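Structure, as structure tokens:
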Amino acid sequence: RAEASDEPDWIDLQTQVDGMLRDFRGDSFLPRLDRLQKELDRQLQRNPDGTLFALIHLAGSEIRRYSATHAMLVCAVCSLAAREVLKWHEDHIIAMCNAALTMNIGMTDLQDRMAMQKGQPTAEQLKLIESHAPRSVDMLQLMGVSNPLWLEAVLYHRHNTPGPLAPRSASQRLARLIQRADMFAARLSPRTSRPPETPSAAMQACYFDENRAVDEAGAAIIKAVGIYSPGTFVRLQSNEIAAVIKRGLNTTMPKVAVLINRQGMATGEPIVRDTSLVEFRIVASVPYREVKVNHNLERLLALTRQVTADRPWQGIPRNY
Numbered sequence: 326r327a328e329a330s331d332e333p334d335w336i337d338l339q340t341q342v343d344g345m346l347r348d349f350r351g352d353s354f355l356p357r358l359d360r361l362q363k364e365l366d367r368q369l370q371r372n373p374d375g376t377l378f379a380l381i382h383l384a385g386s387e388i389r390r391y392s393a394t395h396a397m398l399v400c401a402v403c404s405l406a407a408r409e410v411l412k413w414h415e416d417h418i419i420a421m422c423n424a425a426l427t428m429n430i431g432m433t434d435l436q437d438r439m440a441m442q443k444g445q446p447t448a449e450q451l452k453l454i455e456s457h458a459p460r461s462v463d464m465l466q467l468m469g470v471s472n473p474l475w476l477e478a479v480l481y482h483r484h485n486t487p488g489p490l491a492p493r494s495a496s497q498r499l500a501r502l503i504q505r506a507d508m509f510a511a512r513l514s515p516r517t518s519r520p521p522e523t524p525s526a527a528m529q530a531c532y533f534d535e536n537r538a539v540d541e542a543g544a545a546i547i548k549a550v551g552i553y554s555p556g557t558f559v560r561l562q563s564n565e566i567a568a569v570i571k572r573g574l575n576t577t578m579p580k581v582a583v584l585i586n587r588q589g590m591a592t593g594e595p596i597v598r599d600t601s602l603v604e605f606r607i608v609a610s611v612p613y614r615e616v617k618v619n620h621n622l623e624r625l626l627a628l629t630r631q632v633t634a635d636r637p638w639q640g641i642p643r644n645y
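Right under this line is the structure:
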């Protein structure tokens with residue numbers, strides 16, 4: 326099982342989260358959730374870049390088990406932003422992660438069906454989406470959840486409330502960070518009805534609030550995971566196509582592994598590039614569907630562990 330090894334089986338973890346969200350009745354739900362949340366947190370602290378790479382890769386490459394993958398990615402993004410950038414108290418981070426993993430438990434089946442359907446949501450589906458947050462809270466309370474931070478973060482996670490974090494209650498701060506990460510993760514993921522957005526477009530939507538001002542929670546997410554996050558693809562000044570494998574000196578200069586050379590041919594072995602060098606700077610995001618080469622996920626995940634990252638962040642560029 327994934328917990329028994331330092332190297333996680335991400336498909337197994339995805340399957341376990343999917344099973345937990347679907348089979349939520351009985352006394353086993355909270356222990357299963359606690360175990361999975363702790364395992365995800367362990368992987369984030371052990372190898373944050375590899376965790377982001379795996380989850381963003383899963384989110385961008387398939388639509389099966391959408392709800393489970395989405396919950397894991399939102400949890401990971403929120404955890405990194407809260408711990409590395411916002412410096413929140415650990416109790417708040419745990420409550421937020423539990424909220425992120427369970428925020429949509431009231432519509433798991435609907436979420437997965439909608440990811441697969443060709444048409445737009447029906448009026449009935451939209452009604453269920455709008456009412457799912459209080460429904461999720463009711464379900465969690467029936468399963469024994471009493472933590473007010475967790476429950477209120479789930480209740481408020483769909484609220485569109487621009488503005489700074491400081492004046493908000495603790496649970497509303499958690500909910501705002503979840504709402505921004507929820508938006509980012511949803512835009513990264515394909516549906517049968519539409520392709521995913523580019524990572525840079527998803528990040529910009531997260532960075533600016535409902536009034537087109539810089540969003541404090543969104544900015545924390547970008548500072549934590551980068552404008553070009555591990556698991557996404559980019560085009561370099563050299564005209565090579567590369568996978569982002571490691572967050573770098575700042576949010577626009579990650580370490581990458583070239584998969585397609587400037588002639589458009591697969592490289593065979595990934596070639597690590599430092600995008601802080603002018604000749605290898607990033608010029609554009611590349612959608613997952615445009616990377617026409619079979620790449621070895623395990624090999625790329627190994628690079629996230631081997632390549633030295635430059636930390637901490639130096640901040641978000643002023644012109645972003």
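Just so we're aligned: 335 in the numbering used here is position 10 of the sequence shown, and the numbers increase by one with no gaps anywhere. Ideal Cβ positions, reconstructed from N, Cα and C, are used throughout, including at glycine. Here the structure is a predicted model, which is why all the values come from computation and not from measurement.
Give a yes or no on whether the minimum CB-CB distance between Ser601 and chain C is below 8 angstroms. Looking for chain C here will not work: only one protein chain is present.
Taking DSSP's pairing of strands, which residues face Arg598 in a bridge? Val581
Buried or exposed by the 16-neighbour rule on C-beta atoms within 10 Å, applied to Pro579: buried
Span separating the alpha-carbon of Ala425 from that of Gly444: 27 angstroms
Taking the alpha-carbon of Arg483 as reference, which of Pro515, Arg460, Val597 has the nearest alpha-carbon? Arg460
contact_flag[the stretch 492-502, the stretch 463-479] where n(CB pairs < 8 angstroms) is 3 or more: yes
With a threshold of 8 angstroms, are at least 3 pairs of Cβ atoms found where one atom belongs to the stretch 618-631 and the other to the stretch 599-606? no
For Ser554, count the other beta carbons within 10 Å of its own beta carbon; 16 or more makes it buried, fewer makes it exposed. Which is it? buried
Does DSSP put Arg438 in a helix, in a strand, or in coil? helix
With Ile607 as the anchor, note down where its alpha helix (DSSP H) starts and where it stops. Premise fails: Ile607 lies in the beta strand (DSSP E), 607-611, not in any alpha helix (DSSP H).
Where in the stretch 509-567 do unbroken runs of the beta strand (DSSP E), each at least 3 residues long, occur, reported from the N-terminal end onward? 558-561
What does the alpha-carbon distance come out to for the pair Gly469 and Cys531? 33 angstroms
DSSP-derived helix/strand/coil call for Ala591: strand
Inspect the beta-carbon positions of Val550 and Leu338 and report whether they are closer than 8 angstroms. no
Roughly how many whole angstroms lie between the Cα atoms of Trp335 and Leu380? 8 angstroms
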